[in-house]
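For the protein sequence lines, the chains are A and B, in the order given.
Under my numbering, the first residue of the first sequence is numbered 1, with each subsequent residue one higher.
Under my numbering, the first residue of the second sequence is numbered 1, with each subsequent residue one higher.
All C-beta atoms, glycine included, are put in the ideal place defined by N, C-alpha and C.
On a predicted model such as this, the values are computed, not experimentally measured, just so you know.
Taking it in order: structure first as structure tokens, then the write-up.
2 protein chains.
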Amino acid sequence: MHYIDNEELLNMPSRYRAQMINSLSGFKSANLIGTCNKNGINNLAIFSSVVHLGASPALVGFITRPDNGERHTLDNIKQTKQFTINQVNEEFWQAAHQTSARYNADQCEFEKTDLTPQIIEGINAPFVKESRLKYALTLQEIIPIPLNKTLLVIGKITGIICEQEALKKDGYIDIESLNTIMISGLDSYHTSTRLSRLSYAKTDKKPVPISLNGTSLKNT
Amino acid sequence: MHYIDNEELLNMPSRYRAQMINSLSGFKSANLIGTCNKNGINNLAIFSSVVHLGASPALVGFITRPDNGERHTLDNIKQTKQFTINQVNEEFWQAAHQTSARYNADQCEFEKTDLTPQIIEGINAPFVKESRLKYALTLQEIIPIPLNKTLLVIGKITGIICEQEALKKDGYIDIESLNTIMISGLDSYHTSTRLSRLSYAKTDKKPVPISLNGTSLKNT
């Protein structure tokens with residue numbers, strides 16, 4: 001095993017360190033965040049930092065760099081208080097990556113990447129039609145992280161669009177069946193293969209595989 | 001596509017909603033956080049909320065429930081200001097899941113799950129020997145999220161242990177080659193298959209696959 005100490009870490013070229021540090025948190029979710037600005041121009045951007053915060057209330061957060069007038073997603077969310085999160089799947093992962101190019105505010109990533117905006121009445125932010133699991137959020141809070149001037153943007157989920165077949169009896173959504181992909185590092189994309197769901201962990205016995213529906217399996 | 005509106009969401013049984021909302025953020029990283037309390041008892045707990053915050057300084061965060069005297073990881077980090085994050089791989093994913101059982105503070109998850117503590121001089125927190133990519137952190141800040149009383153715990157990376165073969169020329173770490181696994185929902189575990197790394201996105205051309213080393217591929 002190779003040990004990289006603090007001094008070696010601090011002396012790395014910045015791009016090299018960015019690649020390495022981005023690999024450390026493990027596999028990251030791949031989501032497109034859809035927003036709309038006050039002039040009605042849709043924006044779409046890939047984020048790998050979407051994180052579950054809680055189920056009741058249903059809160060999801062993501063990390064963004066500071067607002068410097070060039071963060072269209074953040075600007076738009078501040079304006080409209082709404083956004084959508086759309087899971088990226090195997091059918092459009094390259095188009096999703098392309099949304100990270102530095103388009104101007106008046107350029108629409110949907111048009112540039114051939115993804116399709118999907119509008120639902122009452123929600124002032126576009127969904128991605130090609131996404132098979134997506135949801136609308138209302139801005140709750142933007143929490144500054146002074147250490148590196150990033151921000152944690154927190155939304156409350158107000159509606160979910162999902163393929164019926166993927167929704168299992170206990171509420172679990174089989175995102176593998178939706179071909180949802182994930183990211184490692186800054187630019188590597190991956191599909192998944194399920195090992196198993198596992199039973200709720202208890203101190204007096206080992207966890208056992210359970211079915212996709214969350215029920216116990218016979219003969220295990 | 002099935003649409004779940006806000007009212008349906010609010011009226012769901014809480015366990016059903018927990019399963020569903022936990023599926024929405026996409027695939028989640030699987031990491032074991034190692035800590036040590038003031039009496040020298042090691043603690044190990046699985047977290048699916050580890051998130052990259054920045055490369056310079058090298059900051060990683062994770063979400064934890066509030067400190068109620070029963071959050072051993074948080075208690076220990078407050079005491080020692082140190083912790084380790086250890087990527088979970090295919091060789092010990094069931095043991096990693098088992099660390100989520102409600103052991104008492106005087107019970108050591110390493111012993112209960114047959115994982116092996118690895119101690120490195122100068123770091124007052126145990127690594128998981130079986131992990132193939134792991135790092136030490138010093139507590140920087142604990143940011144409260146008043147909306148649901150969770151906390152964002154932020155550490156600065158001070159040292160990294162990684163298998164040399166997985167470290168690529170541009171700093172990217174091939175975590176797929178380390179058999180790092182991921183989580184969906186609350187209890188489903190998955191391995192990965194790489195689609196590709198992609199070139200840096202630019203507005204005037206489409207991204208193309210690049211090699212594992214981050215270099216351009218011929219004939220693409």
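For residue i, go through chain B and note every residue whose CB falls closer than 9 Å to its CB, in chain order.
i, result
"A:HIS72", "Here the premise fails: no neighbours, minimum Cβ distance about 13 Å."
"A:SER211", "Under the 9 Å cutoff, chain B gives no residues; its nearest Cβ is about 11 Å from A:SER211."
From this set, the options, which residue's C-alpha is nearest residue i's C-alpha?
i, options, result
"B:MET1", "A:ARG132, A:SER48 and A:ILE183", "A:ARG132"
"B:GLY171", "A:TYR172, A:LYS169 and A:ASP187", "A:ASP187"
"B:ILE21", "B:THR113, B:ILE4, B:ALA30 and B:GLU130", "B:ILE4"
"A:LEU151", "A:MET12, A:PHE47, A:GLY26 and A:PHE62", "A:PHE62"
"B:ILE85", "B:ILE77, B:GLU109, B:ASN31 and B:GLU130", "B:ASN31"
"B:HIS190", "B:VAL60, B:VAL50, B:VAL88 and B:VAL51", "B:VAL88"
"B:ARG15", "A:TYR200, A:VAL208 and A:LYS218", "A:TYR200"
"A:LEU178", "B:LEU24, B:ILE181, B:MET12 and B:GLN19", "B:LEU24"
"B:ILE210", "B:THR203, B:LYS218 and B:ASP204", "B:LYS218"
"B:THR116", "B:LEU147, B:GLU7 and B:PHE92", "B:PHE92"
"B:ILE181", "A:GLU8, A:THR80 and A:PHE27", "A:PHE27"
"A:ILE78", "A:GLU121, A:LEU139, A:ILE143 and A:ILE33", "Note that residue 78 of chain A is Lys in the sequence shown, not Ile. Answer by Cα proximity: A:LEU139."
"B:LYS134", "B:LYS112, B:ILE142, B:ASN148 and B:PHE83", "B:PHE83"
"A:GLU141", "A:GLU176, A:GLY155 and A:ASP106", "A:GLY155"
"B:LYS81", "B:GLY34, B:ASN148, B:LYS169 and B:MET12", "B:GLY34"
"B:VAL51", "A:ALA45, A:GLU70 and A:SER29", "A:SER29"
"B:ILE143", "B:GLU130, B:THR64 and B:GLY185", "B:THR64"
"B:GLN107", "B:SER48, B:THR73, B:ASN6 and B:PHE47", "B:THR73"
"B:ARG71", "B:ILE183, B:VAL153, B:GLY185 and B:GLU176", "B:VAL153"
Put residue i into one of helix, strand or coil per three-state DSSP.
i, result
"A:PHE127", "strand"
"B:ILE120", "coil"
"A:THR220", "Note that A:THR220 scores a pLDDT of 47, beneath 50, so its modelled location is shaky; the value from the coordinates is reported in the next line. A:THR220: coil per DSSP, three-state reduction."
"A:GLN19", "helix"
"A:LEU178", "coil"
"B:THR191", "strand"
"B:ASN49", "Correcting the residue type first, residue 49 of chain B is Ser in the shown sequence and not Asn. Residue state, collapsed to three classes: coil."
"B:GLN98", "helix"
"A:MET12", "coil"
"B:THR64", "strand"
"A:GLU141", "strand"
"A:ASP114", "coil"
"B:GLN87", "strand"
"B:THR150", "strand"
"A:ASP5", "strand"
"B:LEU198", "strand"
"B:ALA136", "strand"
"B:ALA166", "helix"
"B:ASN76", "helix"
Given that residue i touches chain A, what residues does it touch there, using C-beta distances under 7 Å?
i, result
"B:LEU53", "ILE63, ILE145, ASN148 and THR150"
"B:SER56", "SER14 and ARG17"
"B:ASN22", "HIS52 and ALA55"
In chain A, which residues lie less than 8 Å from residue i when you measure between Cβ atoms?
i, result
"B:GLY159", "TYR3, ILE4, ASP5, ASN6 and LEU9"
"B:ASP170", "ARG15, TYR16 and GLN19"
"B:ILE142", "Going along chain A, no residue has its Cβ under 8 Å from B:ILE142, so there is no contact; the nearest lies around 12 Å."
Should residue i go down as buried or exposed, given a rule of 16 or more other Cβ atoms within 10 Å for buried?
i, result
"A:THR220", "Unreliable placement is indicated for A:THR220, whose pLDDT of 47 sits below 50; no coordinate value is reported for it."
"B:LEU10", "exposed"
"B:GLU109", "buried"
"A:ASN43", "buried"
"A:ASP174", "buried"
"A:PRO66", "exposed"
"B:THR203", "exposed"
"A:PRO207", "buried"
"A:ASN76", "buried"
Could you name the residues of chain B that residue i contacts, counting a contact when the two beta carbons are closer than 7 Å?
i, result
"A:ASP114", "Residues of chain B passing the Cβ test: none, with the nearest at roughly 10 Å."
"A:GLY155", "Residues of chain B passing the Cβ test: none, with the nearest at roughly 10 Å."
"A:PRO66", "Neighbours of A:PRO66 on chain B: none; closest Cβ ~11 Å, over 7 Å."
"A:THR203", "ALA101, ARG102 and TYR103"
"A:VAL60", "LEU24 and SER25"
Counting only Cβ pairs nearer than 9 Å, list the residues of chain A close to residue i.
i, result
"B:ALA30", "GLY26 and PHE27"
Could you name the residues of chain B that residue i contacts, counting a contact when the two beta carbons are closer than 8 Å?
i, result
"A:GLY34", "Near A:GLY34 there are no residues of chain B at all, since even the closest Cβ is about 15 Å away, more than 8 Å."
"A:CYS162", "MET1, HIS2 and ILE4"
_Counting beta carbon pairs with one atom in the region 34 to 46 of chain A and one in the region 193 to 208 of chain A, are three or more of them shorter than 8 Å?_
Touching, no, given that fewer than three Cβ pairs across the two stretches are closer than 8 Å.
*Cβ pair count under 8 Å reaching 3, the region 165 to 178 of chain B against the region 152 to 160 of chain A*: no
_If contact is defined by three or more beta carbon pairs under 8 Å, each pair taking one atom from either stretch, is the region 51 to 63 of chain B in contact with the region 93 to 104 of chain B?_
No: fewer than three Cβ pairs fall under 8 Å.
*If we count Cβ pairs, one from each stretch, closer than 8 Å, do we get three or more for the region 205 to 220 of chain A versus the region 123 to 139 of chain A?*
no
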